Amino acid sequence: MSRLLYRCDNLAEIENTYKDLRDAGVEDAHLHVIAKQDGQLLRRGLNAANSWYKTDILNGWSQG
0 MSRLLYRCDN LAEIENTYKD LRDAGVEDAH LHVIAKQDGQ LLRRGLNAAN
50 SWYKTDILNG WSQG
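The numbers in numbering that gives the first Met the number 0 rise by one with no breaks, and the one at position 52 of the sequence shown is 51.
What follows is the structure in structure tokens.
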């Protein structure tokens, strides 16, 4: 599983990047945003990452 991590302190910039990726053809199911307060993401229409994506368990499991 490949991941592209992008760190940003400005939620408006994340919102613009998210929109650009969707416009480029990336599906919402493949976009996950990690934030301290998931409620802010949901209010802005961004896909918040669940607890599985916030850890590296899935990646470690797939590699054995």
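We put the beta carbon where it would ideally sit given N, CA and C, even for glycine. Predicted model only: the values in this text are computed from it and were never measured.
- Length of the line joining the Cα atoms of D19 and L41: If I take the Cα positions, the gap works out to 18 angstroms.
- Query: By DSSP, does A28 sit in helix, in strand, or in coil?
  - Reply: helix
- Residues near E14 by beta carbon distance below 7 angstroms, same chain, minus five either side: R43 and L45
- Query: Exposed or buried, what is V32 when buried is set at 16 or more other beta-carbons lying within 10 Å of its beta-carbon?
  - Reply: It counts as buried.
- Out of R21, E26, L10 and V25, state which residue places its alpha-carbon closest to the alpha-carbon of K35. L10
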